[in-house]
Each structure stands twice: as structure tokens, then as C-alpha cells.
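If you're matching positions, the sequence shown starts at 5 in the numbering used here and goes up one per residue.
A short write-up of the structure that comes next.
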Amino acid sequence: METQLDPMKDDLPLMANTSYLLVKHYVLDLDVDFKRKVIEGSIVLFFETGSQYRKSSSAGKECCQSQFDEICKMGASEPCHIPMINVSTCSSKMECNDFAVSGIEEEATSDENSNHSNNEQASGISSSKDCCDIEDHGNKDFLLVLDCCDLSVLKVEEVDVAAVSGIEKFTRSAKPTGVSKELENLRNRIVHELVTLPADRWKEQLHYFTHCSQAPGCGELLFSTGAWSLEIRKSGIQTPVDFPHAIRIWYKTKPEGRSVAWTTDQSGRPCVYTMGSPINNRALFPCQEPPIALSTWQASVRTAAGFVVLMSGENSAEPVQHREGILSWYYYVSMPMPASTFTIAVGCWQEVKQQSFKQKAAIGTNTEFSLASSQTDLSPHIIFLSQSVLPGGSHLCGTRLCHEIAHAWFGLAIGARDWTEEWISEGFATFLEDIFWARAQQQLSHDETKGQQELKALLRWRRLRDEVQNSEEELQVLRPKKESTGELSESGASVVKYGLKAEKIFMQVHYLKGYFLLRSLARKIGEVSYLASLQKFVIKFHGQLVLSQDFLSMLLEDIPKQKQSGLTVESIFQNWLDTSGIPKPLLEEGETWKECQLVQQVSAEDHDFELQVTKWIQTNRRIRKSSKKKMKQDEVVFQQLLPDQLVLLLEFLLEEKTLCPRILQCLERTYQLQEQDAEVRHRWCELVIKHKYEPGYGDIERFLRDDQAMGVYLYGELMVNEDAKQQELARKCFAAAQEQMDASSAKVVAEMLF
């Protein structure tokens with residue numbers, strides 16, 4: 005039996021054996037059914053032989069044997085006893101039971117509009133032992149392993165790409181004589197020629213991918229599903245070279261699948277979107293999850309009229325009628341990217357048009373918001389944002405948008421070769437967020453830009469300080485595999501260190517330490533030189549996967565004087581990436597932010613600016629001493645503060661042992677805290693909880709209802725005080741929001757409350 009991993013503790017397995025066969029293109033043909041909360045249909049995968057098998061067939065057989073040994077060590081799949089089942093076709097109307105898992109025999113219904121039809125018998129692997137127990141069964145068949153979780157796989161078949169009209173242009177030899185082996189080789193040669201077409205022929209390539217994906221099946225394949233994988237084999241095929249390079253998988257998702265969220269928008273209408281959970285898309289479609297599996301894709305998605313389908317494609321899809329009451333949406337990408345970048349959002353979205361640029365906005369899900377430009381020259385096509393960033397002015401929304409846009413370079417165009425180095429994506433996006441936001445605001449002076457960035461740096465430093473004090477040390481390391489980073493097993497399988505630890509989802513250490521490393525390098529090198537080097541790096545590594553040393557080595561080679569000063573890749577590893585806690589170079593920088601004028605307006609006297617925190621504290625003491633005497637509104641005049649200044653002010657006030665109810669009331673009214681952005685309102689809720697300010701409990705309830713993505717920490721605070729009213733409030737809010745929360749968040753909160 006495959007080992008059952010604890011999603012709260014363990015590493016995330018990447019099971020796909022990408023070294024043997026590598027997916028180069030996916031074609032998805034799916035139906036979204038809101039009544040059953042299921043996405044179902046088929047996916048066609050086109051493979052190229054992997055790096056381990058671009059050798060002689062004899063060498064391939066030796067590698068194949070070692071793969072079986074590795075699979076057996078990792079744990080075999082769950083037994084899968086499957087009867088011979090008559091499946092004429094599995095289509096958008098299929099109501100098949102999960103026979104691949106349960107073994108219950110069920111006749112699959114046929115879709116009269118389906119283009120895929122064959123009447124062969126479906127069969128799966130009767131037991132995982134068939135794949136590995138060579139002594140008992142004499143079976144040395146090659147085993148294709150895909151990443152898969154929470155899916156019902158119904159049928160797997162080889163696709164007869166040779167039957168496609170006009171496909172002979174991709175063959176370099178005469179048509180086959182009909183010999184089975186020669187025909188199989190022809191099909192694989194066709195796929196090879198198709199997937200290796202040059203990039204400038206992408207339109208032609210997509211055209212033939214489409215027709216090949218609609219070709220008939222030419223034989224069903226044996227398969228077995230495990231907790232984390234789908235294993236496929238063809239009887240008698242012993243090497244990846246001979247394994248079918250185009251296969252079709254019929255499957256359906258499960259309502260509880262961890263890759264998609266079924267919820268409602270703010271009007272109570274159903275919607276579904278990809279969650280970007282730790283398991284990525286493996287509960288949406290069978291795929292290869294390791295970062296090395298860069299592929300293109302195209303997808304046709306059908307759903308009831310009235311719904312809008314948005315995807316992370318390069319085109320702006322216009323719906324076409326599939327049949328009465330059903331619309332079909334088609335998207336594609338021509339740039340190879342990891343399967344984890346495939347995103348979808350289906351709902352009754354409202355289209356928002358602004359000036360010459362059209363946006364389709366998925367407005368109103370209880371936890372997410374998506375923006376997609378309809379202009380074909382803009383990418384990525386879809387961005388997910390929490391609805392928490394929308395209220396309270398443009399600041400929070402603007403900075404978060406800048407962060408997500410930065411991922412177009414770091415995360416999409418350039419990715420981490422090892423997912424444990426997520427700082428390569430998140431650290432760069434956090435660093436560039438400030439640069440993009442300064443440009444987006446326009447007409448900011450150099451001093452204004454620097455002031456905003458220094459204030460932001462202080463807030464991030466305080467957040468990092470709190471995080472390292474309240475989290476496990478092992479989760480604070482940016483390169484947890486250290487010297488083993490980037491290493492794979494022979495088959496290509498690997499793990500994401502601590503990838504399934506639930507608390508890791510809520511941590512920002514990779515964002516913050518990565519940001520401060522890049523900021524430190526920019527300060528040492530000079531921002532102009534640093535950004536120039538960064539631009540060279542983007543150009544050189546566009547479309548590639550990198551490790552930390554790739555970036556650091558190029559940077560230091562580009563600016564040799566830094567190497568002469570003792571700054572080396574090894575010293576950066578030691579000080580920043582391979583250790584927990586706050587990096588030593590950052591500790592030395594802790595006092596510099598006090599010189600920032602925006603910080604001084606909040607926390608220090610500077611010429612004409614009065615001490616904001618001191619005024620509030622003094623006012624607090626004066627109110628307490630005056631007992632029942634009312635404070636005149638004009639006794640103290642407080643100046644307007646920027647959102648980040650308000651966050652800092654509230655954080656300083658949180659350090660006060662006692663604030664009386666009247667000062668909290670005055671604070672809320674003076675800055676109209678309920679009209680501010682979610683970051684400010686979160687700190688306000690912390691103040692309310694700390695001082696048991698009952699008039700503010702309604703604000704906490706609203707925050708936990710409307711800002712679920714940011715509210716997990718508040719549940720813990722409500723329980724820590726051991727106050728009966730606060731604990732009752734926490735349980736009441738959780739009961740109302742639980743069904744809309746993702747599984748990891750719900751589990752973390754439940755452990756706090758019960």
C-alpha cells in the first residue's frame with residue numbers, strides 16, 4: 005500500500021518519472037457541472053522521451069529496472085481491482101461510478117455529440133503488485149507515473165495519431181505495412197516530430213495537436229491510482245521509447261479535491277476556481293508536477309450559458325454554442341510552463357470596461373477575485389487576488405497587483421528548478437513590487453519613492469522578526485535541501501521539503517528573507533547597476549529553470565568588485581539561504597529605518613512633526629486620569645497618515661499594555677479605521693481583541709467573514725485571551741465560514757478552537 009502522508013507534517017511527493025517520459029503538451033476537453041460539483045472529460049498528453057532514455061534500448065532496459073525498484077521502495081499504489089467494463093465512451097454526460105477505485109461495475113453512458121468513440125473493453129491493473137513483482141508475474145513492463153490526487157480515473161487509452169488526415173507530413177518514411185510494431189513506432193515518430201516543431205510554427209503545431217487529440221483510441225492501457233499518483237502501463241512494452249507517446253485519460257474531479265474550490269460569489273451564485281493549493285493542479289488533471297516538466301497546453305471548457313470561463317491562456321476566448329444552453333470556451337498557451345501555472349475560474353463574472361482596455365473581472369467570490377485582460381498582447385491572462393485587497397483605497401490593491409505582475413518574470417518566465425527555493429519566485433516578486441508600485445504612482449520624487457520603500461522595509465522587518473520568533477526553525481530556511489537542492493532521483497521523482505506542513509501556507513519567510521537579500525545586494529551594488537544586471541539575468545534565463553547559484557553567480561560575475569570585497573555565493577548561502585532566523589547582515593541594518601521621514605511622522609520627533617504614538621499614549625493617560633470628564637475633540641490634532649503609516653502606528657499601539665475604551669473609540673473615529681484597507685483593519689482587530697473592546701467585536705466578525713484569507717491569525721488571538729465572549733465569537737465565526745475555507749486553513753483553525 006502507498007504510504008499515507010500526513011498533510012500537516014510531511015514533504016510533498018513529486019512522483020512523475022519525468023526522466024523517462026516528459027509531457028510536452030496537454031489537450032484538455034472538459035465540462036463543468038455545478039450541480040454535482042465536478043469537472044469531467046478527457047485529457048490527451050503528448051510525450052517526448054526523457055533524458056534518461058535518449059540512449060540505446062539496452063541501456064533503457066537497465067534504467068527501467070532501477071525505476072521499478074525505486075517505485076517499490078516508495079510504496080506501491082493502492083490495490084485496484086477492476087472488472088472488465090464496457091465503456092463505449094466517457095464524455096460530458098458520463099455518470100460512471102469511480103470504478104477505477106471502487107471496483108463497482110457500471111455501464112458508462114454515451115454522449116451523442118462525442119468525437120471519441122470506441123467499444124473496446126476497459127481494464128485497469130488488478131493490483132499494484134503487477135507493476136513491481138517481477139518474480140511472481142515475469143512482468144517487466146515500463147510504468148509511466150503521473151502526479152494525481154483526488155481524481156476518479158475512468159479509462160486510459162492510446163491515441164491513434166496516425167489516423168489524422170494530413171499527418172503524414174510529419175513522417176520521414178513510407179507509410180507502414182500494417183505490422184503492429186511498425187505502426188506503433190510510426191505513431192511515436194509523428195508525436196516526436198510534432199512536439200519538436202520550432203517555436204515560430206506554433207499555430208500549425210496547435211492545429212495538429214487539436215486534430216490528434218480528437219483521433220480515435222487504438223487500445224486501452226492498464227492503470228492504477230494511488231494516493232499521489234496515476235500509474236499506467238502497456239502490456240509487453242518495456243521501455244519508454246516504445247511506450248505510446250500520445251495517451252488519452254478519461255477522468256472526473258471530486259467535490260472535495262484540493263486543487264479546486266467550489267463556492268459562491270457575493271450574490272450567492274455558484275463559482276469554481278483553482279486554489280493554488282500546496283498540491284497544485286494534480287486534483288484537477290493528471291499531470292507531471294516537477295518543475296522540469298515545462299509544457300504547453302490548450303483547453304476547451306464547456307459550461308451552462310450564463311457562466312464565464314476564464315483561464316491563464318494567451319488568447320481572449322469568445323464563447324461558442326456547443327449545444328442548447330451550453331457554451332464552450334477555448335484557451336491555449338504557446339510558451340512552455342509548469343503544469344501548476346494552469347488556472348481556471350468559472351462563474352457569473354461581471355465584465356468591466358475601462359477606457360480602451362477591457363477587463364473581465366471575476367468579482368465577488370467569497371475568497372478570491374480574478375482579473376483578466378481581453379487584449380491578446382497582455383499576459384498573464386488571469387490574476388487571482390483576494391477580495392480583501394479591493395476596499396480601502398488603491399494602495400493595497402495596487403501593491404498586490406504589482407506583486408502578481410512581477411511573477412510574469414519570476415515564477416512564469418523564469419522558474420525555480422527546485423520548488424523548495426520558492427524565494428526565487430516570491431522574494432523577487434516582493435522586491436520588484438516596490439519598484440513597480442513607485443512607477444505606477446507616477447510623478448513621485450526620488451525622496452518620496454525612497455521614503456515609501458524604507459517604511460515598507462521597516463514593516464517587513466517587523467513581520468519577519470515576529471515570524472522567526474513564532475515558527476519552527478526548519479521552516480525559516482530558504483534552501484532546506486542545502487547542497488542537495490536541485491537533485492532528482494534517477495526517474496525524476498523528488499519531494500518538496502515540508503510542502504505539506506499546513507502552517508507553511510501562512511508563513512511569509514520566503515517572501516521576506518528573499519526580499520531583504522535582494523535589497524541588501526541592491527544597496528551594496530547600487531540600484532542602477534543592480535537593475536541592469538537583473539535585466540541581463542531575465543534575458544539570459546527567460547523560459548528556463550534556475551537555482552539560487554545561477555542568479556548569484558551571474559550577478560557577481562557581472563560586478564566583479566563585489567567578489568573582491570568578499571561577497572561570494574558561499575557567503576550568501578551561509579548568511580541568508582541556509583540558516584534559520586534573521587540574517588546577520590539584516591540585524592546590522594535595523595536602525596537605519598528610523599531616519600525615514602515617513603517613519604518619523606509616526607514614531608519619532610522631526611522638526612515640525614509631533615510624535616504621533618506619544619500623542620496617543622499621552623491622550624490615553626489623560627483620559628484615564630480625567631475619569632468621566634470628556635475630552636474635547638480639538639485638544640489634539642492628528643495629521644493624515646498613509647496606509648502603511650497607519651499600520652505602523654497601530655503596531656506601536658499594540659505594544660502598549662493598556663489602552664482604555666475611550667482612546668480606542670477616538671482612534672477608530674479619527675482614522676475611520678473601518679474604511680481603511682485590510683492590513684489596517686487587521687491591526688485594528690488585534691487591538692480590539694487585546695483590550696477586549698466589545699464595541700469592536702462586530703468589526704472582528706466582519707473581518708473573519710469577509711477577509712478569510714487574512715483572518716486565520718485572529719482566531720488564535722481570540723482563543724489565547726481565554727475570554728469566554730471572545731472564544732464564543734471565534735467559534736461562531738468559524739461555524740459560519742468553515743464550509744468556504746480551504747481544507748488546510750479549516751484544519752489549522754479547528755485545532756485552535758477545539
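Here a beta-carbon is modelled for each residue, glycine too, at the ideal position from N, C-alpha and C.
Rounded C-alpha distance that separates residue i from residue j
| i | j | result |
| --- | --- | --- |
| Cys135 | Lys144 | At Cys135 the pLDDT is 37, less than 50, meaning the model places this residue with poor confidence; the figure from the coordinates comes in the next sentence. C-alpha separation (whole angstroms): 8 Å. |
| Leu650 | Ser495 | 52 Å |
| Glu293 | Gln643 | 52 Å |
| Val393 | Val684 | 11 Å |
| Asp37 | Tyr335 | 19 Å |
| Asp562 | Glu487 | 24 Å |
| Ile543 | Glu430 | 19 Å |
| Ala747 | Met279 | 11 Å |
| Lys501 | Pro282 | 11 Å |
| Ala321 | Trp333 | 6 Å |
| Ile89 | Glu224 | Bear in mind that the predicted position of Ile89 carries a pLDDT of just 29, short of 50, making it too unreliable to give a figure here. |
| Ser70 | Pro340 | Reliability of the predicted coordinates at Ser70 is poor, the pLDDT of 46 falling under 50, and the value obtained from them is presented with this limitation in mind. For Ser70 and Pro340, the distance between alpha carbons rounds to 29 Å. |
| Asn532 | Leu459 | Here the sequence assigns Val to residue 532, which means Asn is not the residue at that position. Rounded to whole angstroms, Val532 to Leu459 spans 21 Å at the Cα level. |
| Thr489 | Met558 | 18 Å |
| Val752 | Ala506 | 7 Å |
| Ala713 | Ala754 | 15 Å |
| Gln14 | Ser449 | A small fix is needed here, since residue 14 is Asp in this sequence, not Gln. Straight-line Cα distance between these residues: approximately 48 Å. |
| Ser524 | Leu718 | 32 Å |
| Asn579 | Pro587 | 6 Å |
| Cys352 | Ser584 | 45 Å |
| Leu658 | Phe510 | 21 Å |
Start-to-end residues for the alpha helix (DSSP H) that takes in residue i
| i | result |
| --- | --- |
| Ile667 | 665-674 |
| Ile509 | Here Ile509 belongs to no alpha helix (DSSP H), and DSSP marks it neither H nor E. |
| Cys600 | Cys600 -> no alpha helix (DSSP H), and no H or E assigned at all. |
| Asp164 | From DSSP, Asp164 is part of no alpha helix (DSSP H); its letter is neither H nor E. |
| Glu732 | 728-741 |
| Val542 | 531-545 |
| His450 | 450-473 |
| Thr403 | 399-410 |
With 16 other Cβ atoms within 10 Å as the buried cut-off, status of residue i
| i | result |
| --- | --- |
| Tyr24 | buried |
| Ile759 | Given a span of 5 to 758 for the chain in the structure shown, any question on residue 759 remains unanswerable. |
| His29 | buried |
| Ala297 | buried |
| Leu591 | exposed |
| Lys540 | exposed |
| Pro202 | exposed |
| Gly547 | exposed |
| Phe758 | exposed |
| Glu426 | buried |
| Val160 | buried |
| Thr307 | buried |
| Arg464 | buried |
When the options are compared against residue i, the one with the closest alpha-carbon
| i | options | result |
| --- | --- | --- |
| Val27 | Leu187, Pro244, Asp15, Ala231 | Pro244 |
| His196 | Trp427, Ile171, Gln548, Lys207 | Ile171 |
| Asn725 | Ala740, Tyr697, Lys505 | Tyr697 |
| Val350 | Ser338, Pro340, Phe388 | Phe388 |
| Arg626 | Gly720, Arg467, Cys153, Leu663 | Leu663 |
| Ile529 | Leu516, Leu571, Ser493, Leu551 | Leu571 |
| Leu18 | Leu653, Pro290, Tyr515 | Pro290 |
| Gly503 | Arg483, Ala442, Ser390 | Arg483 |
| Gln553 | Ala536, Ser537, Phe758, Ile576 | Ile576 |
| Leu187 | Asp164, Val199, Thr200, Pro202 | Asp164 |
| Ser537 | Tyr519, Phe520, Ser524, Leu556 | Leu556 |
| Ser304 | Gly310, Pro295, Gly317 | Gly317 |
| Gly518 | Leu549, Lys485, Val481, Ile194 | Val481 |
| Lys508 | Asp727, Ser749, Glu355, Leu652 | Ser749 |
| Gly402 | Cys152, Val157, Arg421, Ala442 | Ala442 |
| Ala412 | Val276, Pro665, Glu328, Glu437 | Glu437 |
Endpoints, beta strand (DSSP E) assigned at residue i
| i | result |
| --- | --- |
| Asp648 | No beta strand (DSSP E) holds Asp648; the alpha helix (DSSP H) holding it covers 647-658. |
| Ala349 | 348-351 |
| Trp206 | Here Trp206 belongs to no beta strand (DSSP E); instead the alpha helix (DSSP H) covers 206-217. |
| Glu323 | Correcting the residue identity first, residue 323 is Pro in this sequence and not Glu. No beta strand (DSSP E) holds Pro323; DSSP gives it neither H nor E. |
| Gly431 | No beta strand (DSSP E) holds Gly431; the alpha helix (DSSP H) holding it covers 427-445. |
| Trp2 | This structure cannot settle anything about residue 2, because the visible part of the chain is limited to 5 through 758. |
| Val313 | 312-315 |
Within-9 Å CB hit, residue i to chain D
| i | result |
| --- | --- |
| Ala750 | Absent from the structure: chain D. Only one protein chain is present. |
Touch test, the segment 259-267 against the segment 39-46, Cβ-Cβ under 8 Å, three pairs minimum: Yes: at least three Cβ pairs fall under 8 Å.
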